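The numbering of the sequence shown is our numbering, which starts it at 528 and goes up by one.
Just so it is clear, CB atoms sit at the ideal spot from N, CA and C, and this is done for glycine as well.
In this text, all values refer to a predicted model and were calculated from it rather than measured experimentally.
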Amino acid sequence: MTLVHIVLFKFRSDVTQEHKQKFVSELKTLKSLPSVKNGRLIVGGPSVTDPIERSKGFEISLLSYHENQDALAEYQASDEHHRVTSTYMFPFKEDLVRFDFEVDPEDEYMCAFPISKTA
Numbered sequence: 528m529t530l531v532h533i534v535l536f537k538f539r540s541d542v543t544q545e546h547k548q549k550f551v552s553e554l555k556t557l558k559s560l561p562s563v564k565n566g567r568l569i570v571g572g573p574s575v576t577d578p579i580e581r582s583k584g585f586e587i588s589l590l591s592y593h594e595n596q597d598a599l600a601e602y603q604a605s606d607e608h609h610r611v612t613s614t615y616m617f618p619f620k621e622d623l624v625r626f627d628f629e630v631d632p633e634d635e636y637m638c639a640f641p642i643s644k645t646a
C-alpha cells in the first residue's frame with residue numbers, strides 16, 4: 528500500500544525569501560528518513576498556477592510517499608521532522624493545508640516508477 532502526504536505552506540508577509548529557501552532545503556533532508564517510501568519526497572514552489580490567485584497565497588508544497596499510516600505517523604514523530612517544522616515553519620507560518628490519502632490498489636502501479644538519480 529502507499530499513502531500520499533501533501534502539505535501546502537503559506538508564510539507571513541514579513542518572512543524573507545532567504546528563510547523560505549532555507550526551509551525548502553531543510554524539508555528536502557527529510558527524504559532520507561526511513562519512513563519515507565523509497566526516499567520519495569518532493570518539495571516545490573513557487574506556484575506556477577495561472578491565474579496565481581488560485582494558489583490562495585500558498586508558496587511551497589511538499590509531496591511524500593509512505594508505506595502506510597503508521598509510517599506517516601513515524602515520519603511526523605521523528606526528531607528531524609520536529610526540528611525542521613518547529614525551527615523553520617511553525618513560528619513563521621500564516622497557514623498550512625495538509626491532505627493525506629491511501630492510493631487505491633488499482634492505482635498502486637503508478638507509485639512504482641523507477642527512481643533515477645542524475646548528478
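Roughly how far, in whole angstroms, is the beta-carbon of residue i from the beta-carbon of residue j, given that I think they are within contact range, below 8 Å?
i    : j    : result
L557 : H608 : 6 Å
E601 : S562 : 4 Å
S574 : E586 : 7 Å
Give me, in chain order, the residues of the same chain whose beta-carbon lies closer than 6 Å to that of residue i; leave out the 5 immediate sequence neighbours on both sides.
i    : result
G571 : S588
I533 : L590, F626
D622 : K537
A598 : S562
Hey, how far is the Cα of residue i from the Cα of residue j?
i    : j    : result
F626 : D577 : 22 Å
F628 : S552 : 25 Å
L568 : P641 : 14 Å
N595 : K564 : 9 Å
R610 : G584 : 25 Å
D541 : K547 : 11 Å
V531 : V624 : 14 Å
G566 : K555 : 10 Å
A646 : F619 : Residue placement at A646 is flagged as unreliable, the pLDDT there being 46, under the threshold of 50; a coordinate-derived value is accordingly withheld.
E633 : T543 : 43 Å
To which residues of the same chain is residue i closer than 7 Å at the C-beta, ignoring the five residues directly before and after it?
i    : result
C638 : T529, Y592, V630
M616 : F536, F550
Let me check one thing: in DSSP terms, what residues is residue i bridge-paired to?
i    : result
E629 : L530
V624 : L535
L699 : Outside the shown range of the chain (528 to 646) lies residue 699, about which nothing can therefore be said.
Minimum length 3: unbroken beta strand (DSSP E) runs contained in the region 554 to 586:
Correct list: 568 to 571.
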